[in-house]
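Colleague: Sharing a structure with you now.
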Amino acid sequence: MPKPIRMGRRTWVAAWAVLCVAGLAATAGLKSASAPDPPPERPVSAECREFIARVKTQLDKAEQDGDDGILAFSRGQVSTVDCTDELRNLFRGER
């Protein structure tokens, strides 16, 4: 019965290093390939643009007055248009 080939420690360490690098490269490739596409930009309705313009005006006025208090905004009439996403973008600084 032939004797098995003995491998030195350096060979084992090198083999493990190659396998680890290959695994990391494969993981990075899979993550970049499966990145979701950003959602398409949807147009802002005219009603939302008007409402956001009024909000910006009130914010600018409060800033000029040096008012550091809390500002409250309300819509006088019930609307069928939802401007929630546009308002979030405004307050996040994505003007």
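With this note's numbering as the guide, the letters of the sequence shown map in order to residues 1182 to 1276.
Using N, Cα and C, we set each Cβ at its ideal position, and we do this for glycine too.
Quick caveat, the model's predicted, so the values are computed rather than measured.
Is the Cβ-Cβ distance between V1225 and L1271 less than 8 Å?
Modeller: Against a cut-off of 8 Å, the Cβ pair of L1271 and V1225 comes out as no contact.
Colleague: Using a 10 Å radius around the Cβ and a threshold of 16 neighbouring Cβ atoms, would you call E1267 buried or exposed?
Modeller: E1267 comes out buried.
Colleague: Measure the alpha-carbon distance for A1196 versus S1215 and round it to whole angstroms.
Modeller: Each residue's alpha carbon lies about 29 Å from the other.
Colleague: Taking the alpha helix (DSSP H) that S1213 belongs to, which residues open and close that run?
Modeller: Residues 1190-1214.
Colleague: With DSSP run on the structure shown, which of helix, strand or coil describes D1263?
Modeller: Looking at D1263 - three-state DSSP - the assignment turns out to be coil, as it is neither helix nor strand.
Colleague: For R1276, I'd like the list of residues in its chain whose CB is within less than 7 Å of its CB, leaving aside the five on either flank, ordered along the chain.
Modeller: Reliability of the predicted coordinates at R1276 is poor, the pLDDT of 48 falling under 50, and the value obtained from them is presented with this limitation in mind. None.
Colleague: Which two residues bound the contiguous alpha helix (DSSP H) that contains R1235?
Modeller: Segment 1227-1245, the alpha helix (DSSP H) holding R1235.
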